[in-house]
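Novice: The structure that follows is given in the form of structure tokens.
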Amino acid sequence: MMHSCEDGRAEATKLNVFIKFYGLFWRKHAVDWNSRQLLGQPQGWLGKGNKRSNIDLETIQMNFYRQKGVYILYSEALQPVYAGQAGLARRNTTGGQTIGDRLAAHSRGIYRNGWSLFSWFGFLDTERSPLTRMADEQRLNPIWMLPAGPPSAPDAALNTLLASFEAILIEGFTPRFNARGGDLPHAVVVHQYEPGRHSAEQGQRRREAASPFLE
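And the structure:
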């Protein structure tokens, strides 16, 4: 019995994919590279509606600097200009570099003016709980772990690998033209923390709540 490519894709997405967290089109200049922090809020970890509006988002961030995986650099026009990996262990390294290390190096490198935005895809997982219940140390220095996948047949493992990297290509390289989106059912999208932006948004929401006729 023949199986279509879509059947293979559907089967692959049922498995645990490699990507656990990812951020799309983060702004380079919104990051303080000297602090060794890539701050963001995982979607769905802050509550919704009134509960979310009562949270001081300026003080609730999670640090993804020590994630490992792959990343893409873009020009201001969203043209991909570079793609790389973070975490590959070489002879002269211990455990490989992190995504934050690689991006920080690019921010100081010879081509530092050639890119303005970046996307990243992290393969490491951590304890998942609402940010409001985490201590500062847990949010800013999370313990990242490579999850152990269940035993699987070689074909299933290959499907999972291919589905993960296809999702990276779809999300990272053709975000404006591919309406279907990437296959990231087990991954959490992370929204970049940009100093001051959340305060402005919360202020606007409060003004709208106080003035129901405000358009």
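Take the sequence shown: its letter number 37 is residue 37 in UniProt numbering, and every next letter is one higher. Ideal Cβ positions, reconstructed from N, Cα and C, are used throughout, including at glycine. Predicted model, so just to flag it, every value in this text is computed and none were measured.
#1: Can you give me the C-alpha to C-alpha distance between Phe-18 and Glu-58, rounded to a whole angstrom?
#2: Going by beta carbon distance, what residues of the same chain come within less than 7 Å of His-191, once the five residues before and after it are set aside?
#3: Whole angstroms is fine: what's the gap from Ala-30's alpha carbon to Gln-138's?
#4: Hey, quick one: how far does the beta strand (DSSP E) through Leu-117 stretch, first residue to last?
#5: Return helix, strand or coil for Trp-33, following the three-state DSSP convention.
#6: Do Phe-118 and Lys-28 have their beta-carbon atoms positioned less than 9 Å apart in this structure?
#7: Closer than 6 Å by C-beta to Ala-86: which residues in its own chain qualify, once you throw out the five before and the five after it? Chain order, please.
#8: Is Ala-104 helix, strand or coil when you go by DSSP?
#9: According to DSSP, is Asp-136 helix, strand or coil?
#10: Measuring straight from C-alpha to C-alpha, what distance separates Ser-164 and Asp-56?
Specialist: Looking at the coordinates:
#1: 30 Å
#2: Gly-40, Gln-41, Gln-43
#3: 22 Å
#4: 117 to 122
#5: helix
#6: yes
#7: Lys-68, Gln-97, Thr-98, Ile-99, Arg-102
#8: helix
#9: helix
#10: 34 Å
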